[in-house]
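To start, the structure itself, in structure tokens.
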Amino acid sequence: MGYLVFNGQPSGVPCGVREFSTEGAVLTMNGWMGVPDAFSLFIEPDSVKVDCKVMRKRGSKVQVSFETWENNVRYRTR
Numbered sequence: 730m731g732y733l734v735f736n737g738q739p740s741g742v743p744c745g746v747r748e749f750s751t752e753g754a755v756l757t758m759n760g761w762m763g764v765p766d767a768f769s770l771f772i773e774p775d776s777v778k779v780d781c782k783v784m785r786k787r788g789s790k791v792q793v794s795f796e797t798w799e800n801n802v803r804y805r806t807r
């Protein structure tokens, strides 16, 4: 499970995280497709925060590449 956070918003948009690697992932969205071109992704329960860049959007799936990576960062404490 992951959460997209962008534009300093206080709450994140939930998403599924698939095909996860050190370089990127495929995110699955449930009915919400207002994904900006860049955002932060918090991955729980792994306590990882990555800054993402959208590479491709298709239907409910968004393929992203990771720009930066931080460990031991929890979304719920933000």
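The sequence shown maps to residues 730 to 807 in my numbering. By construction, the Cβ of each residue, glycine as well, lies at the ideal position given by its N, Cα and C atoms.
Enumerate in chain order the residues of its own chain whose CB-to-CB distance from R747 is below 7 Å, with the five nearest sequence positions on each side excluded.
A754, V755, T757
Quick check on the burial criterion: 16 or more other C-beta atoms within 10 angstroms. Buried or exposed for G731?
buried
How would you label K778, buried or exposed, when you count the other beta carbons within 10 angstroms and need 16 or more for buried?
buried
Drop a sphere of 10 angstroms on the beta-carbon of S740, count the other beta-carbons inside from all chains shown, and report buried for 16 or more, exposed for fewer.
exposed
Taking DSSP's pairing of strands, which residues face F771 in a bridge?
Y732, K778
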